[in-house]
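Line by line, the protein sequences are chains A and B.
The first sequence begins at 1 in UniProt numbering and counts up one residue at a time.
The second sequence begins at 1 in UniProt numbering and counts up one residue at a time.
The beta-carbon is built from N, C-alpha and C at its ideal position, and this holds for glycine as well.
Working notes for the structure below.
Protein chains: 2
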Amino acid sequence: MPVLAAPDGDSAAIARIIDEGMNRSEAMTTASALMDRIGPRLTNSENHRKAESWAMDLFRQRGLANVHVEPFDFGVGWNLDSYSVAMVTPRALPLTAIPVAWSPPTAGTVQAPVVIAPMSREEHFAEWKGKLAGKIVLVSLPGQTSESKGPVFQRYTDSDIAALDTYTKPDFDPDAPAIQVRNRRFQGKLAAFLKAEGAVAMVKISYRDGKLVHGEGYDFQPGQTLALPAIELAQEDYRKLVRLAKTGAAPEVAINVAARYDESNLKAENVVAEIPGSDPKAGYVMAGAHFDSWIAGDGANDNGAGSITVLEAARLIAKLGVKPKRTIRFVLWSGEEQGLLGSRAYIDQHYASRPVDPSLKGIDSYIAWRNAFPITPKPEYSQLKAYFNMDNGSGRFRGIYSEGNLGAEKLLKEWLSPFDMLGADKLVVSKTGGTDHVFLQAIGLPGYQFIQDPLDYESRVHHSNLDTVDHMRADDMRQASVIMAGMLWQAANSDKELPRAVLPTQPAPTDPFKVRDPSQ
Amino acid sequence: MPVLAAPDGDSAAIARIIDEGMNRSEAMTTASALMDRIGPRLTNSENHRKAESWAMDLFRQRGLANVHVEPFDFGVGWNLDSYSVAMVTPRALPLTAIPVAWSPPTAGTVQAPVVIAPMSREEHFAEWKGKLAGKIVLVSLPGQTSESKGPVFQRYTDSDIAALDTYTKPDFDPDAPAIQVRNRRFQGKLAAFLKAEGAVAMVKISYRDGKLVHGEGYDFQPGQTLALPAIELAQEDYRKLVRLAKTGAAPEVAINVAARYDESNLKAENVVAEIPGSDPKAGYVMAGAHFDSWIAGDGANDNGAGSITVLEAARLIAKLGVKPKRTIRFVLWSGEEQGLLGSRAYIDQHYASRPVDPSLKGIDSYIAWRNAFPITPKPEYSQLKAYFNMDNGSGRFRGIYSEGNLGAEKLLKEWLSPFDMLGADKLVVSKTGGTDHVFLQAIGLPGYQFIQDPLDYESRVHHSNLDTVDHMRADDMRQASVIMAGMLWQAANSDKELPRAVLPTQPAPTDPFKVRDPSQ
Numbered sequence: 001m002p003v004l005a006a007p008d009g010d011s012a013a014i015a016r017i018i019d020e021g022m023n024r025s026e027a028m029t030t031a032s033a034l035m036d037r038i039g040p041r042l043t044n045s046e047n048h049r050k051a052e053s054w055a056m057d058l059f060r061q062r063g064l065a066n067v068h069v070e071p072f073d074f075g076v077g078w079n080l081d082s083y084s085v086a087m088v089t090p091r092a093l094p095l096t097a098i099p100v101a102w103s104p105p106t107a108g109t110v111q112a113p114v115v116i117a118p119m120s121r122e123e124h125f126a127e128w129k130g131k132l133a134g135k136i137v138l139v140s141l142p143g144q145t146s147e148s149k150g151p152v153f154q155r156y157t158d159s160d161i162a163a164l165d166t167y168t169k170p171d172f173d174p175d176a177p178a179i180q181v182r183n184r185r186f187q188g189k190l191a192a193f194l195k196a197e198g199a200v201a202m203v204k205i206s207y208r209d210g211k212l213v214h215g216e217g218y219d220f221q222p223g224q225t226l227a228l229p230a231i232e233l234a235q236e237d238y239r240k241l242v243r244l245a246k247t248g249a250a251p252e253v254a255i256n257v258a259a260r261y262d263e264s265n266l267k268a269e270n271v272v273a274e275i276p277g278s279d280p281k282a283g284y285v286m287a288g289a290h291f292d293s294w295i296a297g298d299g300a301n302d303n304g305a306g307s308i309t310v311l312e313a314a315r316l317i318a319k320l321g322v323k324p325k326r327t328i329r330f331v332l333w334s335g336e337e338q339g340l341l342g343s344r345a346y347i348d349q350h351y352a353s354r355p356v357d358p359s360l361k362g363i364d365s366y367i368a369w370r371n372a373f374p375i376t377p378k379p380e381y382s383q384l385k386a387y388f389n390m391d392n393g394s395g396r397f398r399g400i401y402s403e404g405n406l407g408a409e410k411l412l413k414e415w416l417s418p419f420d421m422l423g424a425d426k427l428v429v430s431k432t433g434g435t436d437h438v439f440l441q442a443i444g445l446p447g448y449q450f451i452q453d454p455l456d457y458e459s460r461v462h463h464s465n466l467d468t469v470d471h472m473r474a475d476d477m478r479q480a481s482v483i484m485a486g487m488l489w490q491a492a493n494s495d496k497e498l499p500r501a502v503l504p505t506q507p508a509p510t511d512p513f514k515v516r517d518p519s520q
Numbered sequence: 001m002p003v004l005a006a007p008d009g010d011s012a013a014i015a016r017i018i019d020e021g022m023n024r025s026e027a028m029t030t031a032s033a034l035m036d037r038i039g040p041r042l043t044n045s046e047n048h049r050k051a052e053s054w055a056m057d058l059f060r061q062r063g064l065a066n067v068h069v070e071p072f073d074f075g076v077g078w079n080l081d082s083y084s085v086a087m088v089t090p091r092a093l094p095l096t097a098i099p100v101a102w103s104p105p106t107a108g109t110v111q112a113p114v115v116i117a118p119m120s121r122e123e124h125f126a127e128w129k130g131k132l133a134g135k136i137v138l139v140s141l142p143g144q145t146s147e148s149k150g151p152v153f154q155r156y157t158d159s160d161i162a163a164l165d166t167y168t169k170p171d172f173d174p175d176a177p178a179i180q181v182r183n184r185r186f187q188g189k190l191a192a193f194l195k196a197e198g199a200v201a202m203v204k205i206s207y208r209d210g211k212l213v214h215g216e217g218y219d220f221q222p223g224q225t226l227a228l229p230a231i232e233l234a235q236e237d238y239r240k241l242v243r244l245a246k247t248g249a250a251p252e253v254a255i256n257v258a259a260r261y262d263e264s265n266l267k268a269e270n271v272v273a274e275i276p277g278s279d280p281k282a283g284y285v286m287a288g289a290h291f292d293s294w295i296a297g298d299g300a301n302d303n304g305a306g307s308i309t310v311l312e313a314a315r316l317i318a319k320l321g322v323k324p325k326r327t328i329r330f331v332l333w334s335g336e337e338q339g340l341l342g343s344r345a346y347i348d349q350h351y352a353s354r355p356v357d358p359s360l361k362g363i364d365s366y367i368a369w370r371n372a373f374p375i376t377p378k379p380e381y382s383q384l385k386a387y388f389n390m391d392n393g394s395g396r397f398r399g400i401y402s403e404g405n406l407g408a409e410k411l412l413k414e415w416l417s418p419f420d421m422l423g424a425d426k427l428v429v430s431k432t433g434g435t436d437h438v439f440l441q442a443i444g445l446p447g448y449q450f451i452q453d454p455l456d457y458e459s460r461v462h463h464s465n466l467d468t469v470d471h472m473r474a475d476d477m478r479q480a481s482v483i484m485a486g487m488l489w490q491a492a493n494s495d496k497e498l499p500r501a502v503l504p505t506q507p508a509p510t511d512p513f514k515v516r517d518p519s520q
């Protein structure tokens, strides 16, 4: 392995990181230990806490310091022990399903006829009043099987990546928050309506075909969980029930959800560990990935891949046995799937405050936070010199997004240059969304993500029962871990600092000509 | 709907077939009745017989005559009542699996540690002797998750179809039969070895990823069924067990297969029905599709689609209320999945004899039959004027294969011409294989199949747990049914007859320079 030229940091260190990470990677054995043995990690579940202990042990074994958890307000814990969903009439047939997370348990196995009653607005309730008692209610429109001609599995071509290099003007839709709240609240209202009508359970359709199920669910404040058991059913099975019901076969379904609420601890926890730096005045750099997952698979690509990469990057740097100038901090976030809650809490505790009513919870708090001004930085705000996040599956790194911060491109490109030969040579200006660097960026902090090959993440793996170690790619994980470690090492030792974006003082501008579609 | 010009037959009748079949199709409601209500139809199972009764009732309701079954020698019946496969250690996790058809049942739920012991040749047994007692044996190599970049769902472009238009010279590999027999026999020998070693069950890996399972299996002569319970496991779950076993987690699995053998009736049955013709001397035309299926899905695209198309074509023609010149016969074959057994038996009984040792069964009989000469035609041989088969999913007809019979192309094209506007205007010379027209063609009879859009048949549906009505296409089924009926109607009334291929007198020629790979 030739010693590569690293413009910043120690080029011999980069070569050692590459050698260790490519030749003696522990990424996939660690991935198996987390995903195969422990399994999915719903925020504030017993399994998540088990995984936290496992990660803290691993950080300590790998020689990291200051290993600890940082709790934050979350909500009710929920543990899924077992479940089954089967058609009983007109013939016995196991169905592919998953309980909606935070669904109430059933009282043992409940069996009932189904009724097809699609409802997506409160004004639809009237039609079904008095007709749902004793029924399992199919609340979604059935739709049709996909004729998608796209590939299941994808690696980016250079022109795919070039198409990502687009500057998007910030835009704020003032109606969006209210619509989000309304849609989010509707599930709870629907469940309450069904419960009041004496229904047995509610069933929604999966949003992907091919017998994929997901089980995302959101009502997790005490007293706000769904009023009756809720199941997500595979499209094929949902439409089978619809066809049978529509042709007089009177299907009956049996559902068993053995789940336990836990209100004894309403806090979830981020896991934090550090490699201390030699210069306490130089600030610190950080890498992170969310550790929590949904429940249908093992949370392997979302986001075991990012978590394992953070753990492996920590190992690779610790193994150098050389103190970086700046401290390198590693964080495994929780509550990401419910609204970036762990990283948002971390911002509140470490970086800046925004004037949000503390009585707001969940989606209301999320929306209020995003639009609350002014942002008041705390002392630690200036200490975070770079943050690298990973949450787009296990696909290899192809480069980095500058998140609209044109001023940061030069230095990011410089740090990336040792990894050209590993195929990670692209820099694009566009923003990425939906994960834990977003709120850091929102307050002007330097949070970045890498361009990753898509693999089959969006087509079938993300949040689904296919999100297992099998759909991670060992070669890609090795490469990502090496680059994550190398970027951190250079950022920790560089004489330069990433230029920051401007601290926002008000929401992004609004389109003055926008006319809202009243049917939305 | 304009009256179309039909070069043969009655153009008003074609217009009425199109009107009825496109505007008042019963294809999908019939499909739901068969697949959703009755479900999969393994040859000689109780469910297959239930479906036979259903089909005979439907033929009778649709006004067909001479509705009956024709039994043929098959083997043991097998009925799967329920099954479950779950990982128990290191954590509780339901696994996606299916029993191999004709697997022995388990004695209730059996739980045991797994051992990874890939064996594909008898010489591999020695390595595992004495090591398998009390174990659930994973007998396949684990392989890796697919990175296939092909589309899940496909409709043919004109150039895709042009590529099918290739004449392939007949070729006979004299080594192939022995290799087929050896590979086929190996599963039985492996099961017997495992049983003798005291193993609990054998587990093989699915041949597709994405949690698809299939459950094909073949040993069905009395006394020849597998010696111990056999399970096919989803790739994702199989490799999870491998990773856990390889990293010391000592996985244990619980298997329950509630299945019943039935040796009381070793015959399976083809279903036959007719629309009688006005001229008994004019011979008859025929359409067919295999009615049997595998067990993981509902046998919707393989081959409910063909069966439903045959039933709908019968309805469309019967509804004309006009007697065709020639009788039109409809056959729903059984035993296709085990080696075209129903259509082969039909040939023996109706069309021709070949000198095969009657003591040979299953694969041995299949291979011997294909290579037995001379072929001695029976009187009915000359009466079959055309046969149209359907067994390539529910994709719309795009044209027809002339199966290497260049002399038949002109008339096939003429009969197809009324359906140009429905997109079925292509004629290609290549042969199709693997279904019930093949043995008719093999003895020189005019058996044809239509070019069909592939949809997601090969990519994920064929034989898998996704083979449900959901993956059929209603528009395509309407179109196929109309064309099937129209082709039959024209063939039944035409003054012309399809030119026959030459009656074979010996196997296809062999490549004189072929050198066999000894590792195969």
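Quick one, are the C-beta atoms of residue i and residue j less than 9 angstroms apart?
{"i": "Thr309 (chain A)", "j": "Met35 (chain A)", "result": "no"}
{"i": "Glu232 (chain B)", "j": "Val88 (chain B)", "result": "no"}
{"i": "Ala408 (chain B)", "j": "Leu498 (chain B)", "result": "yes"}
{"i": "residue 526 (chain A)", "j": "Glu274 (chain A)", "result": "Outside the modelled stretch of chain A, which goes from 1 to 520, sits residue 526 (chain A), for which no answer is possible."}
{"i": "Met202 (chain A)", "j": "Val139 (chain A)", "result": "yes"}
{"i": "Val331 (chain B)", "j": "Ala287 (chain B)", "result": "yes"}
With 9 angstroms as the threshold, decide whether the Cβ of residue i is near any Cβ in chain B.
{"i": "residue 521 (chain A)", "result": "The displayed coordinates of chain A run from 1 to 520. Any statement about residue 521 (chain A) would go beyond what the structure contains."}
{"i": "Ile38 (chain A)", "result": "yes"}
{"i": "Asn256 (chain A)", "result": "no"}
{"i": "Glu147 (chain A)", "result": "yes"}
{"i": "His471 (chain A)", "result": "yes"}
{"i": "Tyr401 (chain A)", "result": "no"}
Contact criterion: CB-CB distance below 9 angstroms. Does residue i meet it with respect to chain A?
{"i": "Glu52 (chain B)", "result": "no"}
{"i": "Gln154 (chain B)", "result": "yes"}
{"i": "Thr109 (chain B)", "result": "no"}
{"i": "Leu93 (chain B)", "result": "yes"}
{"i": "Gly150 (chain B)", "result": "yes"}
Considering Cα atoms alone, identify which of the options is closest to residue i.
{"i": "Gln449 (chain A)", "options": "A:Val461, A:Ala442, A:Ala508 and A:Thr435", "result": "A:Thr435"}
{"i": "Gly277 (chain A)", "options": "A:Ala254, A:Trp489, A:Lys496 and A:Ser307", "result": "A:Trp489"}
{"i": "Asp470 (chain B)", "options": "B:Ser481, B:Tyr457 and B:Glu147", "result": "B:Tyr457"}
{"i": "residue 538 (chain A)", "options": "A:Thr109, A:Ser103 and A:Asn371", "result": "This structure cannot settle anything about residue 538 (chain A), because the visible part of chain A is limited to 1 through 520."}
{"i": "Ala289 (chain B)", "options": "B:Ser32, B:Ala12, B:Leu341 and B:Asp262", "result": "B:Leu341"}
{"i": "Ala268 (chain A)", "options": "A:Lys129, A:Gln338 and A:Ala254", "result": "A:Gln338"}
{"i": "Arg500 (chain A)", "options": "A:Pro454, A:Tyr387 and A:Gly433", "result": "A:Tyr387"}
{"i": "Tyr218 (chain A)", "options": "A:Tyr366, A:Ile451 and A:Gly395", "result": "A:Tyr366"}
So, at 6 angstroms on beta carbons, what are the nonlocal neighbours of residue i in its own chain, with the 5 sequence-adjacent residues on each side left out?
{"i": "Asp357 (chain B)", "result": "none"}
{"i": "Lys431 (chain A)", "result": "Glu403 and Gly404"}
{"i": "Arg184 (chain A)", "result": "Ile363"}
Who are the near neighbours of residue i in its chain, counting only those whose CB is closer than 7 angstroms to its CB and skipping five residues on each side?
{"i": "Ile295 (chain A)", "result": "Pro40, Leu42, Leu80, Ile98, Ala101 and Gly215"}
{"i": "Arg16 (chain A)", "result": "Leu320"}
{"i": "Arg344 (chain A)", "result": "Trp369 and Phe439"}
In chain order, what residues of the same chain have a beta carbon less than 8 angstroms from the beta carbon of residue i, not counting five sequence neighbours either side?
{"i": "Asp10 (chain A)", "result": "Val322, Trp489 and Asn493"}
Which residues does DSSP list as the beta-bridge partners of residue i?
{"i": "residue 559 (chain A)", "result": "Chain A is shown from 1 up to 520; residue 559 (chain A) falls before or after that span and cannot be answered."}
{"i": "Leu138 (chain B)", "result": "B:Ile116 and B:Val203"}
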